[in-house]
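Numbering (this note's numbering), first residue to last: 1052 to 1313.
Glycine included, each C-beta is placed from N, C-alpha and C at the ideal position.
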Amino acid sequence: MELKEVIGLRRSVRYIDPTRPVERAKIQKMLEAARRASHWGNVQTLRAVVVERSSAPQEVIDCLEAYIGNFQVKVAPVVIVWYLDASAVDEQPERLREIVDARAMGIDFEDTKDRLERLIIPFFENLTEILKSPGISEVDCGQGIAQATLVAFEEGLGTCMLGSSKVAELTEHLGLPPQARILLLQTVGYPAEDVRKAGQRPRLPFERLYHLNHFSEPFPRDPDTVKELEDAGLIQHVGPDDMGRRNKELADLQAKFDYPPL
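Structure (structure tokens):
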């Protein structure tokens, strides 16, 4: 499957096959993609614990619960617990030095090193506690999780993002550090549903979401560009191409795997 197709098909897959294990190599590819995502100051606060249902301790399995869609967590062969480690901000000076040493910042090497030590590092050190608070790091963690999700779909997997309803218990049983903030649970498995025929999710109008130079001015949506994306498979029909077939598919899945009605 080409990546351009993956982007078009990227959607939450709620119905996965609980009987088909997920290869660790595919999970590793997801984590490799997340690791290489952009992060302010190269701080890299995004971390994860991969929970394999077949090998994880029972006390960890018992903590895998979600507010909504809990059945997905209970059947997924793999659940990735993505969390943010705020203590990574303490290491920012070293991360910035690594960027300079890799020649990814500044023009003249010696001048850049001097400015880094005199100006940039002191500036950020004065903001350390503020930068540990929720905000920009969550945005960059989202970029990493998104890249991991794209790789999952490229590898033929389905995923869904869910909020944990047992954050304290999960933090304890996973042995997460004190400054860890659990972001979400990502179920991973092979789709039991046909993601190609299920269609894309409904979305708000383009013009309502995006603007040009001012809120009052919608970003112009070029029909030719839309057609190009449709031809490439990045924009597809909303909802199933055959409602009767989709209803039967869901009924069959419920009967086969004892999925709840919602």
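Relative to the C-alpha of residue i, which residue among the options is closest?
| i | options | result |
| --- | --- | --- |
| A1085 | Q1194, P1144 and V1102 | Q1194 |
| R1297 | A1088, L1285 and E1244 | E1244 |
| L1082 | S1184, V1130, R1254 and R1166 | V1130 |
| L1182 | D1165, Q1230 and M1212 | Q1230 |
| S1184 | I1067, T1096 and D1303 | T1096 |
| E1325 | N1093, R1071, A1219 and K1077 | No answer is possible for residue 1325: it lies beyond the span of the chain, which begins at 1052 and ends at 1313. |
| A1155 | R1098, D1068 and N1093 | N1093 |
| R1071 | V1126, V1102, R1087 and G1186 | V1126 |
| I1078 | R1098, E1206 and M1212 | E1206 |
| R1087 | L1235, I1196, D1282 and F1266 | I1196 |
Output the distance between the C-alpha atoms of residue i and residue j, rounded to the nearest integer angstrom.
| i | j | result |
| --- | --- | --- |
| V1246 | L1221 | 31 Å |
| K1091 | N1177 | According to the sequence displayed, residue 1091 carries Trp and not Lys. Distance between the alpha carbons of W1091 and N1177 is about 16 Å. |
| I1171 | D1191 | 20 Å |
| S1063 | Y1261 | 23 Å |
| E1223 | K1080 | 27 Å |
| D1162 | A1153 | 15 Å |
| Q1123 | F1175 | 41 Å |
| S1215 | R1232 | 11 Å |
| V1100 | L1227 | 9 Å |
| L1280 | M1294 | 24 Å |
| P1128 | L1208 | 11 Å |
| E1300 | H1288 | 18 Å |
| P1274 | E1258 | 13 Å |
| A1117 | G1186 | 23 Å |
| A1076 | L1234 | 23 Å |
How far does the alpha helix (DSSP H) with residue i in it extend, from its first residue to its last?
| i | result |
| --- | --- |
| M1081 | R1075 to R1086 |
| D1191 | I1187 to E1205 |
| H1265 | That residue, H1265, is in no alpha helix (DSSP H); its beta strand (DSSP E) goes H1265 to P1269. |
| R1166 | F1160 to R1166 |
| I1150 | Q1143 to D1152 |
| R1232 | Element bounds for R1232: not the alpha helix (DSSP H) but the beta strand (DSSP E), A1231 to G1240. |
| V1246 | V1246 to A1249 |
| V1111 | Q1109 to I1112 |
| L1227 | First-last for L1227: undefined, no H or E at that position. |
| I1181 | T1179 to K1183 |
Using 10 angstroms around the beta-carbon of residue i, count the other beta-carbons present and answer buried if the total reaches 16, otherwise exposed.
| i | result |
| --- | --- |
| Y1134 | buried |
| S1089 | exposed |
| D1113 | exposed |
| G1351 | Any property of residue 1351 remains undetermined from this structure, which presents the chain solely from 1052 to 1313. |
| I1119 | exposed |
| Q1305 | exposed |
| E1277 | Here residue 1277 is Val; the residue named in the question, Glu, does not match the sequence. That one is exposed. |
| V1057 | With a pLDDT of 47 at V1057, under the threshold of 50, the modelled position of this residue cannot be trusted, and the question is left open. |
Taking 7 Å as the cut-off, is the beta-carbon of residue i closer than that to any non-hydrogen atom of the ligand MG?
| i | result |
| --- | --- |
| E1220 | In terms of ligand content, the structure shown is empty, and the ligand MG therefore cannot be addressed. |
Could you spell out where the beta strand (DSSP E) holding residue i opens and where it closes?
| i | result |
| --- | --- |
| E1103 | L1097 to E1103 |
| M1156 | First-last for M1156: undefined, no H or E at that position. |
| T1210 | G1209 to L1213 |
| D1320 | Limits of the chain in this structure are 1052 at one end and 1313 at the other, which puts residue 1320 out of reach. |
Does the count of Cβ pairs from the stretch 1104-1115 and the stretch 1196-1203 closer than 8 Å reach three? no
Taking three-plus beta-carbon pairs below 8 Å as touching, is the stretch 1250-1257 in contact with the stretch 1138-1147? no
Three-pair Cβ contact test at 8 Å for the stretch 1234-1241 versus the stretch 1148-1156: Counting C-beta pairs with one atom in each stretch, the stretch 1234-1241 and the stretch 1148-1156 have fewer than three that are closer than 8 Å, which means they do not touch.
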